[in-house]
Amino acid sequence: MDLNSIPILSIVAYIPLAGALAIVFLFPKEKTGPIKYFATLVAGLDFVVSLPLWFAFARGRSGYQFVERASWIPSLGVEYHFGIDGISLVLLLLTTFVGFIAVYCSYSAIADRQKEYYVLLLLLQTFMIGTFCCLDFFLFYVFWEIMLVPMYFLIGVWGGDRRLYAAIKFFLYTLAGSVLMLLGIIALYFYNTTGFLGYKGLGNAATFSIEKLTAVAAGMPVELQIWLFFAFFLGFAIKVPMFPFHTWLPDAHTEAPTAGSVILAAVLLKMGTYGFVRFSLPMFPQAIQTSWVLAVMVTLAIIGIVYGAMVTLVQKDMKKLIAYSSVSHLGFVMLGVFSLNMAGIQGGILQMVNHGVSTGALFLLVGIVYERRHTRMIAEYGGLARQMPVYATYFMIMALSSMGLPILNGFIGEFTILQGAFARNFWWAFSAATGIVLGAAYLLWLYQRVFFGELSNPANQKLSDLTPREQLTLAPLVLAAFWIGLYPRPLFDVVRTPSEQIVRALGGKTETDPALARRSAPPPATDAGAPAVAEVGR
Amino acid sequence: MSSRYALVAEGTQAGLLFLLAPVAGFFLGKWLGLGPIPAYAGAVLGLAAAFWNLLRLIARISK
Amino acid sequence: MIFSTSDWALLAPELLLTAGGLILLSLAVFVPKAKEEFLGFLTVLAVVATAVVLAIVAVAAPRSQGPVLGGMFVLDNFALFFKFVILLTIGLTVLASITYVGQAPYPGGEYYALLLFTGVGMLFMVSGSNLISIYVALELMALASYVLAGYFKGEVRSTEAALKYFILGAFSSGVLLYGLSLVYGVSGKMGLSDLAQTPVTGDGRQLMVLGILMLLAGLLFKIAAVPFHVWTPDVYEGSPTPITAFFSVGPKIAAYAILARIFYVGFPRFYADWGLIIAIVSAVTLVWGNVAALLQTNVKRMLAYSSIAHAGYALLGVLGFRTGYGLWGILIYLLAYAFMNFGAFSLVIFLETRGYAAESVSDFNGLARRNMPAAVTMLVFLLSLAGIPPTAGFIGKYYLFTAAMKAGYAWLAVLAVLASAVSLFYYFRIAAAMFFSEAAGARLRASYALAAAVIICGAGTLIIGLAPEGILAVLKNCVPGGY
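Have a look at this one:
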């Protein structure tokens, strides 16, 4: 069956919504068991249905695939326009993958109001998938905003002690950024049609199509580009989160329930970086390459890496520690993206996926021990390795993955980003490398404090090791970590073409770095390091 | 209010303010210069002040 | 004779509504307190009948080629749209009032009759094509409203609210009339289309602008924009809640309609003069309204300030009259606003009819457990008020921001979007109370009439949000003064 002929993306996006509605209307709230299993089934089904996309996706073809298009609000030029390219494909798969794990891991964590919980989780899933698939700015904005509502409730109802504060802070902060992005979209829309504020418009038919408007934006005069870049910047930067807009993150992550933190870290944070890669880079190439703009972006990224890592070192709460480590990791991604070359961008995208896997797993692990002891303070633990050896092993693997040890996924992403940064400026790579060192420091130190040493706290002496269900939630992530670490080539293949397009839009060169090709698995029969340049026609 | 005449006086004052405040605002704005806008803004503010004064009067009476 | 029989036909809706009011007044004498629901449903029937007649007139009667009835009355698509909206608000108010007034020790018959008379005033207002006829209709609406505000005679707050509203309203009408007289004095014309064409030069121009500004001031009072909003929190807090709900939508929307008509048809040439003033008023209203709402603990006062802020957003549309989006934006926004604001107030009424004072936000505690559909519907209204997609409020705000950007007021658009984001904070205080807090108590059920009102508002909010194309296509044709 040719996937291009059925609206596969809409199906993938709306299966969770259908599941949520089914739970609302068909399941009374006392039947918590059936609700849980049904929700897991729906999430699993969604993942399974999204898998064929990976296989049916044609690598090397530029443009979007599985496109669906229908008119929604003709008076405005808004269309219901879905489609994915390599970047959105990997993020979409990450979303369905992690979404399934998040639903599955909530069984024992959530005891109260379970029906609403699973409904909200599934709704969130739909909105996130929708955001990644959108090719229409208006629709993108709708999904982007509406995503915040279930997350607000997830944090506010099932969260920790300071959940009310964390929830509204999260919502308001993100909303403030997004509304400015809305103005940027409106400005772009007018520039394309009739002009505004003294700029003559191009006189085209009104549209919100991302493809068309990207081309329009790239042709704008630089001053206007810079304004619009910053309008979009705020919306994305808050989501990433970039320094200094990151203050919502520690609260939201710590107070959210485990599944909420997992989804927040794995998917929601990627929206920001996705926004930069998909929108800002191709739309505002001259603005970004203006020296002061680039300097600002890279400085903020590096501050994010280093400052984030330093703050992580002093955290006493495990969840907060991992939350701040996300700031550091995503600073890495931003550095890769703003290196504006193939290695940097590809590394950035890869690291987005890696971060989702490793940090998602770390949050899961912390959640597991929190369910047993109801405390996240590092001081409360110690010597757990003796009591919970399996748990300790999983934790070690994912910590090493987060650190960037070779064989595991983190290394691939970090190394590629460093390559990209190094090609631009030695000092960028240098500061990023310090981030890696600090990362190893805080993770190893955390591990040592929690797992090694004496089992001094009597409360810890009766802890049970991982149940099979918990292992099942972690195992896929571990497998993914190893797979990407040992054989990243498929991922690189998928994202190569869109990255090339972006780099070309920026006026850069797109030959694949030979060093990159050498490092991945033994080259199969097809081209190993040959420049994947372009007769990939536009 | 102590006597009826005091009340009449207050009411008249409030009413007259509707006339005088905008005029005062208008000329004040004009004196500030920079085109007609400050003059109009002054008139509008004068009106607003008159309304506010009236509201306070009513609040006082209804106590 | 100045007008012919066919012109009478155009007045059929207003005449029908007046007749309805008179009949209700006479019936009220005979109907005992216990049976008052019957009067309420009769009123709804009257409203529906008027709407049907209006639809017939809309379809059957040719659009006015010009103002009829001596230049006083015009029935263009703009007027038709607003008439339907007004009838909708009256119908919703009646539905929401049935239980509320039934529980209060005051007679219901006159209440409903007064509502219908206010409606007549509003229907005439939006059809007015001449400054005098607009003014007269405005007064009719206002007088009936004053009485409604003070309807709960035994409560001090209600009487005080009526007193404040009356006196301040009377003065604002005076200001408006004075502005009107200035305009007439300079141009010698009262008809809106005549005013658009009369040349005004030299000294006359300054006087004319002053007249326009006083006219504007009177109207800004009615729509409760800063700095003429001082009456709103007190009047809204003191009036019976269904009347508050009504004030926040009905008269406000009608006043906006005449503001739009007067400034779109009558004074477009003076845009350079009143444009910036409106921009400043809008900015101040947005800031003041939202900041004040943040500080409120009383729900009714908070919603009052929120409606002040919304008046500020709608002014963005007035700014954008020169672009295609301004008028369109106002129309869609006011429709969305009618649904969402009335819906939010209905839920306050719901709590009041179930015994809560509904003063503080904490009365909403735990509503999610006690009546989940009500809580979810309230959430939809709150999201719409804050402008989060996919609700009607977002669509309306989108048009308004677009209008502001296109008109060149980018700074105002930035202010408006930020204000919109900030407003979420106080709206979600209610949502947090509903969903995050616990409260003891059994399930709360709503009366059917109230539930019907809430469902209509909720459906309107969601339908316009998810599938706006239908209504947008209709609104494209609703330009005033198309003659």
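Protein chains in written order, with numbering that gives the first Met the number 0: chain Y, 0 to 537; chain V, 0 to 62; chain R, 0 to 482. Even for Gly, the Cβ is constructed at its ideal location relative to N, Cα and C.
Could you confirm whether any beta carbon from chain R is found closer than 7 Å to the beta carbon of residue i?
{"i": "I184 (chain Y)", "result": "no"}
{"i": "S49 (chain Y)", "result": "no"}
{"i": "F26 (chain V)", "result": "no"}
{"i": "I16 (chain V)", "result": "One point to set straight first is that residue 16 (chain V) is Leu, not Ile, in the sequence displayed. No, L16 (chain V) lies away from the interface with chain R (no Cβ there is under 7 Å from its Cβ)."}
{"i": "F231 (chain Y)", "result": "no"}
{"i": "L113 (chain V)", "result": "The structure shown does not extend to residue 113 (chain V), since chain V is modelled only from 0 through 62, so no value can be given for it."}
{"i": "V178 (chain Y)", "result": "yes"}
{"i": "L515 (chain Y)", "result": "Here the model assigns L515 (chain Y) a pLDDT of 46, short of 50, so the residue's position is not dependable and the matter cannot be decided."}
{"i": "G202 (chain Y)", "result": "no"}
{"i": "D512 (chain Y)", "result": "At D512 (chain Y) the pLDDT is 49, less than 50, meaning the model places this residue with poor confidence and gives no usable figure here."}
{"i": "A342 (chain Y)", "result": "no"}
{"i": "V23 (chain Y)", "result": "no"}
{"i": "A175 (chain Y)", "result": "yes"}
Quick check on residue i - is its C-beta less than 7 Å from some C-beta in chain V?
{"i": "P250 (chain R)", "result": "no"}
{"i": "P267 (chain R)", "result": "no"}
{"i": "A458 (chain R)", "result": "no"}
{"i": "P483 (chain R)", "result": "In the structure as shown, chain R starts at 0 and stops at 482, and residue 483 (chain R) therefore has no counterpart that could be examined."}
{"i": "I211 (chain R)", "result": "no"}
{"i": "Y482 (chain R)", "result": "Since pLDDT at Y482 (chain R) reaches only 38, below the 50 mark, its modelled position is unreliable, and no value is offered."}
{"i": "I307 (chain R)", "result": "no"}
Nearest chain Y C-beta to residue i closer than 7 Å, yes or no?
{"i": "G464 (chain R)", "result": "no"}
{"i": "I329 (chain R)", "result": "no"}
{"i": "F151 (chain R)", "result": "no"}
{"i": "F435 (chain R)", "result": "yes"}
{"i": "E468 (chain R)", "result": "yes"}
{"i": "A420 (chain R)", "result": "yes"}
{"i": "L215 (chain R)", "result": "no"}
{"i": "F424 (chain R)", "result": "yes"}
{"i": "L333 (chain R)", "result": "no"}
Please identify the residue among the options whose C-alpha is closest to the C-alpha of residue i.
{"i": "S107 (chain Y)", "options": "Y:G62, Y:K35, Y:K168", "result": "Y:K35"}
{"i": "L46 (chain V)", "options": "R:L167, R:V56, R:V125", "result": "R:L167"}
{"i": "A432 (chain R)", "options": "R:I387, R:L471, R:D362, R:G328", "result": "R:D362"}
{"i": "A216 (chain Y)", "options": "Y:A38, Y:A186, Y:L233", "result": "Y:A186"}
{"i": "N370 (chain R)", "options": "R:A356, R:W273, R:A438, R:L24", "result": "R:A438"}
{"i": "A230 (chain Y)", "options": "Y:F491, Y:A166, Y:G183, Y:L120", "result": "Y:G183"}
{"i": "M333 (chain Y)", "options": "Y:I304, Y:K319, Y:V356, Y:M341", "result": "Y:I304"}
{"i": "L349 (chain Y)", "options": "Y:F362, Y:N191, Y:Y369, Y:H328", "result": "Y:H328"}
{"i": "R503 (chain Y)", "options": "Y:F283, Y:F235, Y:I262", "result": "Y:F283"}
Name the one or two DSSP bridge partners that residue i has.
{"i": "C133 (chain Y)", "result": "Y:F81"}
{"i": "G108 (chain R)", "result": "Beta-bridge pairing links G108 (chain R) to no other residue."}
{"i": "Q470 (chain Y)", "result": "Looking at the DSSP assignment, Q470 (chain Y) forms no beta bridge with any residue, so it has no partner."}
{"i": "S383 (chain R)", "result": "Per DSSP, none; premise fails for S383 (chain R)."}
{"i": "E67 (chain Y)", "result": "Y:F81"}
{"i": "Y198 (chain Y)", "result": "Y:F195"}
{"i": "S359 (chain R)", "result": "R:N297"}
{"i": "G190 (chain R)", "result": "R:N129"}
{"i": "S208 (chain Y)", "result": "Y:D135"}
{"i": "I72 (chain Y)", "result": "Y:V77"}
Is the CB-CB distance between residue i and residue j below 7 Å?
{"i": "F123 (chain R)", "j": "A141 (chain R)", "result": "no"}
{"i": "V178 (chain Y)", "j": "V416 (chain R)", "result": "yes"}
{"i": "Y117 (chain Y)", "j": "D84 (chain Y)", "result": "no"}
{"i": "I483 (chain Y)", "j": "L280 (chain Y)", "result": "no"}
{"i": "G506 (chain Y)", "j": "I416 (chain Y)", "result": "no"}
{"i": "L132 (chain R)", "j": "M213 (chain R)", "result": "It is Ser, not Leu, that sits at residue 132 (chain R) in the sequence shown. The answer is no: Cβ separation not under 7 Å."}
{"i": "I222 (chain R)", "j": "Y263 (chain R)", "result": "no"}
Going along the chain, which residues of the stretch 401–416 of chain R sit with their C-beta nearer than 7 Å to a C-beta in chain Y? So the list reads T401, M404, K405, G407, A409, A412, V413, V416, given in the order they occur along the chain.
Using a Cβ-Cβ cutoff of 9 Å, what residues of the stretch 31–48 of chain V are near chain R? List them in chain order. Considering only beta carbons, the part of the stretch 31–48 of chain V lying closer than 9 Å to chain R consists of P35, I36, A38, Y39, A40, A42, V43, L44, L46, A47, A48, in chain order.
Can you pull out the residues from the stretch 278–290 of chain R whose beta carbon lies closer than 9 Å to at least one beta carbon of chain V? Listed by position, the residues of the stretch 278–290 of chain R near chain V (Cβ gap below 9 Å) are I279, V280.
Counting only Cβ-Cβ distances shorter than 8 Å, please list the residues of the stretch 3–15 of chain V near chain R, keeping chain order. G14
Given a limit of 9 Å on CB to CB distance, which residues of the stretch 223–241 of chain R reach chain V? V225, P226, F227, V229, W230, D233
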